[in-house]
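Participant:
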Amino acid sequence: MIPLKYLQAYPTTLQDKVRELIAQERLGEHLAKRYPERHPVQSDKALYAYTMDLKQQHLKNAPGIDKVLYDSKLDVVRNALGLHTAISRVQGGKLKAKKEIRVAALFKAAAPEFLQMIVVHELAHLKEYDHNKAFYQLCQYMLPDYHQLEFDLRVYLTWRELPTTANADNRD
Numbered sequence: 001m002i003p004l005k006y007l008q009a010y011p012t013t014l015q016d017k018v019r020e021l022i023a024q025e026r027l028g029e030h031l032a033k034r035y036p037e038r039h040p041v042q043s044d045k046a047l048y049a050y051t052m053d054l055k056q057q058h059l060k061n062a063p064g065i066d067k068v069l070y071d072s073k074l075d076v077v078r079n080a081l082g083l084h085t086a087i088s089r090v091q092g093g094k095l096k097a098k099k100e101i102r103v104a105a106l107f108k109a110a111a112p113e114f115l116q117m118i119v120v121h122e123l124a125h126l127k128e129y130d131h132n133k134a135f136y137q138l139c140q141y142m143l144p145d146y147h148q149l150e151f152d153l154r155v156y157l158t159w160r161e162l163p164t165t166a167n168a169d170n171r172d
């Protein structure tokens, strides 16, 4: 049985469907049909503008964001697809916190829905620090298909790590 590390928390029936697509060498085809396009957000500047647009639409009163960028060092193995940080520095007599959002660089070549899901997830951390019920409700408020997209993104990550060389050209 193929271990599905990104899908371990999902029901066995869903995992079995993914395994079946893998066995039939149709997982890439399945994903390409569902998500045929790649997003145009390729630079850090464009990612910042994209993130700020989403923030303005859904979280007008949330704290500001100082920096948004693609990060080639984020480790998908540790499930860090995006990262929301607050870096504190002393300036004069005051403590200043700079908020940053970093998105794994592999999402430069992903479907627009996957990029949106990652950015929504990181923006939700501006209001809700923990992955609790309120956090996921906020994600769904900003992106009604959030849970389906999160699942599909995990399927995409599973596909990217398949040892099949036939799919290697389509991964990036």
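Mapping the sequence shown onto the UniProt record's numbering, position 8 (from 1) lands on 8, and the numbers just tick up by one.
Just so it is clear, CB atoms sit at the ideal spot from N, CA and C, and this is done for glycine as well.
None of the values given here were measured: they were computed from a predicted structure.
Are there 16 or more other CB atoms within 10 angstroms of the CB of ARG26, so buried, or fewer, so exposed?
Facilitator: Answer is exposed; the Cβ neighbour count stays below 16.
Participant: Check for me: the alpha helix (DSSP H) holding VAL18 runs from which residue to which?
Facilitator: Per DSSP, VAL18 belongs to the alpha helix (DSSP H) from 12-23.
Participant: Thinking just about the alpha-carbon of each residue, which of TYR129, LEU115, GLN140 is nearest to the one in ALA46?
Facilitator: It is LEU115 whose Cα lies nearest to the Cα of ALA46.
Participant: Which term fits TYR156, buried or exposed, when burial requires 16 or more other beta carbons within 10 angstroms of its beta carbon?
Facilitator: Per the 10 Å Cβ criterion, buried.
Participant: Excluding the 5 residues flanking PRO112 on each side, which residues of the same chain have their C-beta closer than 7 Å to its C-beta?
Facilitator: So the qualifying residues of the chain are GLU37, HIS39.
Participant: By the three-class DSSP mapping on this structure, what secondary structure does GLU128 have?
Facilitator: GLU128: coil per DSSP, three-state reduction.
Participant: Measuring only the C-alpha atoms, how far is ASN132 from ALA124?
Facilitator: When rounded, the distance between both Cα atoms is 11 Å.
Participant: Which class does ALA49 belong to by DSSP, given the choice of helix, strand or coil?
Facilitator: In the structure shown, ALA49 sits in a helix (DSSP, three-state: H, G or I).
Participant: Rounded to the nearest angstrom, how far is the Cβ of VAL103 from that of TYR70, given a contact under 8 Å?
Facilitator: Their Cβ separation, rounded to whole angstroms, is 6 Å, which keeps VAL103 and TYR70 in contact under 8 Å.
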